[in-house]
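Just so we're aligned: the sequence shown equals residues 1418 to 1908 in my numbering.
A quick write-up on the structure given underneath.
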Amino acid sequence: MKYSLTPRPLDVQAKDALIVFVQNKKPLLSGSKTICALVEKQIKHSGFDGETQQTSVFPTFGKTKPGRIVLAGLGKSADFRMEQLERAAAAAIRAGQKAGAKSFVTATDIYLSHVTEPAFIHAVARGAGWGTYDFNTFKTKPKKKPEASLTFAGDCKNAAAGRRALADAQAESDALLSTADLANLPGNIATPQKIANWAQKMAKETGLTCSVLNKTDLKKQNCNALLAVAGSNLDAKIITLKYKGTDPKAKPVVLVGKTITFDSGGISLKPGKGMGWMLYDKCGGMAVLAAMKMVALLKPKSPVVGILTVAENMPGSGATRPGDIIKSRAGKTIEILNTDAEGRLALCDALDLALKHKPAAIVDLATLTGAVIVALGHSASAVMGNNSRLTQKLIKAAEAGGERLWELPLWQEHKDDMKGTFADLQNIGKSGTAGTITAGAFLSEFVPDDIPWAHIDIAGTAWIETPKPWMDPGATLFGARTLIEWIKGMN
Ligand code: BES
Ligand code: ZN
Ligand code: ZN
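Below, the structure is given as structure tokens:
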């Protein structure tokens, strides 16, 4: 998508469609009386009630320069969150494109309480970019869409800040869309090797460094927990991407992503129903990849390291048996009682490797437990960790970035639940309760208390299974937007 910013008002914009956001059933518009009158008439007569993500497209019949108006609902101001704005922008573009629009315009000089002008531009532009996304890699006759454009028109109080917000949104959007094409690939195509190649190419193009540990390297490094996951003929990998930062003295933040290219459960095989969705078990790593690409493009002050812990979890002759005991890289022994609880095994070695980078903080993202869907559904991810300052910062960054995190505790009882009978730890809890927290408690055993660490369980948010106004089924890349907001906030 192409973006621009102009001080010229809405009614002189000869574009295919004008996007008007509607909050409390009222259009967010200033200026043009003709446009206001058209919009108010439409709201009154079309049954459009401005609920979040609701859209309505109608022609202007030459009464004003833009050819159509797309109304996009933001719900009520009391319930407003940035997520709604970003999704409304995406939904508006999708509805507009369906109606044949290519060039879009929206007003800069509107009043939306609690949202600054640059934050408005950023969220709308990034949401609009996401709205143009289609995953059609496997369609033999894909519908070709021309590149869309979006202009922000009207008075901008701080044009320099507006342009910066737009440039950030453009870079973030590029990172999200290109990574979504990888995240949506199925397990037979997005193999560990393919992901490593993708990361290496992206690093080369954007100036990051990238190194890959293969099976023999992982054996040398004692990454036996990760190796225990790779039961098929596809080898495990650890991919490390590095961004230097502009402050040579600063310690890096390390992002760790669970990247299971397919999770069949292994010998503890999952039921067949819905198993196909487990191609998205790589989405922690995909969010880290997208965030690293954003970092490479935006060049924040802080150094950032991204680590993807990659394997395919399949039954096979080399697969781990329930009851097997392995020694993790950190030296702790683990009884693997359920091979479907593989994410924590892949992560614990990567967390231990992360310590080598002397991190200022570690954040891991993982589609780790079905239990998080029981707890929070699909509208928030769970966050837990060892440092409440970090957790709070991430919660705030998520809110600003159009995502939602909810904190869960990590108590001693949960840690005790993960103690092994024959080894130091076991990979499932003894009590069979608090599935999301006990998974977090297991991970906490691999991070010293003095290193701020947070774990984000994105099992409920990493992908969407039914069409929504703001996107078709597929990977959401949940987490990337939170991470970049958090990292930009360190500048
Ligand atoms: N990848 C799954 C978690 C998952 C489930 C993600 C549903 C998204 C949707 C993970 O590896 C897993 O299978 N976890 C088990 C853990 C259990 C065996 C302790 C689970 O949640 O059932
Ligand atoms: Zn699993
Ligand atoms: Zn999994």
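Glycine included, every Cβ here is placed at the ideal spot set by N, Cα and C.
Just to confirm, is the Cβ distance from residue i to residue j under 9 Å?
i: residue 1714; j: residue 1588; result: yes
i: residue 1467; j: residue 1487; result: no
i: residue 1836; j: residue 1842; result: yes
i: residue 1824; j: residue 1499; result: no
i: residue 1369; j: residue 1731; result: Because the chain here runs from 1418 to 1908, residue 1369 falls outside it and cannot be looked at.
i: residue 1653; j: residue 1632; result: yes
i: residue 1524; j: residue 1594; result: no
i: residue 1811; j: residue 1899; result: yes
i: residue 1799; j: residue 1700; result: no
i: residue 1545; j: residue 1727; result: no
i: residue 1529; j: residue 1497; result: yes
i: residue 1508; j: residue 1886; result: yes
i: residue 1569; j: residue 1421; result: yes
i: residue 1783; j: residue 1877; result: no
i: residue 1854; j: residue 1801; result: yes
i: residue 1643; j: residue 1635; result: yes
i: residue 1822; j: residue 1675; result: no
Opposite residue i in the DSSP bridges: which residues?
i: residue 1658; result: 1627 and 1723
i: residue 1673; result: 1724 and 1781
i: residue 1801; result: 1872
i: residue 1485; result: 1434 and 1476
i: residue 1753; result: 1741
i: residue 1421; result: 1568
i: residue 1881; result: 1891
i: residue 1440; result: 1443
i: residue 1490; result: 1439
i: residue 1647; result: 1730
Under a three-way DSSP split, which group does residue i fall into?
i: residue 1773; result: helix
i: residue 1588; result: helix
i: residue 1888; result: strand
i: residue 1793; result: helix
i: residue 1468; result: coil
i: residue 1503; result: helix
i: residue 1523; result: strand
i: residue 1678; result: strand
i: residue 1862; result: coil
i: residue 1609; result: helix
i: residue 1620; result: helix
i: residue 1639; result: coil
i: residue 1701; result: helix
i: residue 1896; result: coil
i: residue 1496; result: helix
i: residue 1746; result: coil
i: residue 1685; result: coil
Between residue i and residue j, what straight-line distance do the alpha-carbon atoms span, to the nearest angstrom?
i: residue 1764; j: residue 1749; result: 14 Å
i: residue 1619; j: residue 1454; result: 48 Å
i: residue 1874; j: residue 1896; result: 10 Å
i: residue 1888; j: residue 1787; result: 23 Å
i: residue 1894; j: residue 1611; result: 18 Å
i: residue 1469; j: residue 1820; result: 15 Å
i: residue 1903; j: residue 1882; result: 28 Å
i: residue 1551; j: residue 1597; result: 9 Å
i: residue 1543; j: residue 1439; result: 19 Å
i: residue 1557; j: residue 1741; result: 45 Å
i: residue 1442; j: residue 1754; result: 54 Å
i: residue 1473; j: residue 1465; result: 7 Å
i: residue 1884; j: residue 1758; result: 29 Å
i: residue 1716; j: residue 1607; result: 28 Å
i: residue 1746; j: residue 1767; result: 9 Å
i: residue 1548; j: residue 1506; result: 7 Å
i: residue 1655; j: residue 1538; result: 37 Å
i: residue 1762; j: residue 1661; result: 29 Å
i: residue 1814; j: residue 1479; result: 43 Å
i: residue 1869; j: residue 1829; result: 18 Å
i: residue 1565; j: residue 1733; result: 47 Å
i: residue 1628; j: residue 1729; result: 19 Å
i: residue 1658; j: residue 1892; result: 21 Å
i: residue 1756; j: residue 1683; result: 6 Å
i: residue 1791; j: residue 1664; result: 42 Å
i: residue 1862; j: residue 1789; result: 20 Å
i: residue 1492; j: residue 1502; result: 10 Å
i: residue 1847; j: residue 1535; result: 50 Å
i: residue 1850; j: residue 1696; result: 26 Å
i: residue 1429; j: residue 1879; result: 41 Å
i: residue 1711; j: residue 1457; result: 39 Å
Determine whether the Cβ of residue i lies closer than 9 Å to any Cβ atom of chain C.
i: residue 1527; result: Going by chain labels, chain C is absent from the structure shown, which holds only one protein chain.
Fill in: Secondary structure, beta strand (DSSP E): runs of 3+ residues fully inside the stretch 1806 to 1856
1822 to 1824
Practice prompt. Note down, one range per segment and in chain order, each alpha helix (DSSP H) of at least 4 residues found wholly within the stretch 1529 to 1580.
Written response: 1534 to 1548
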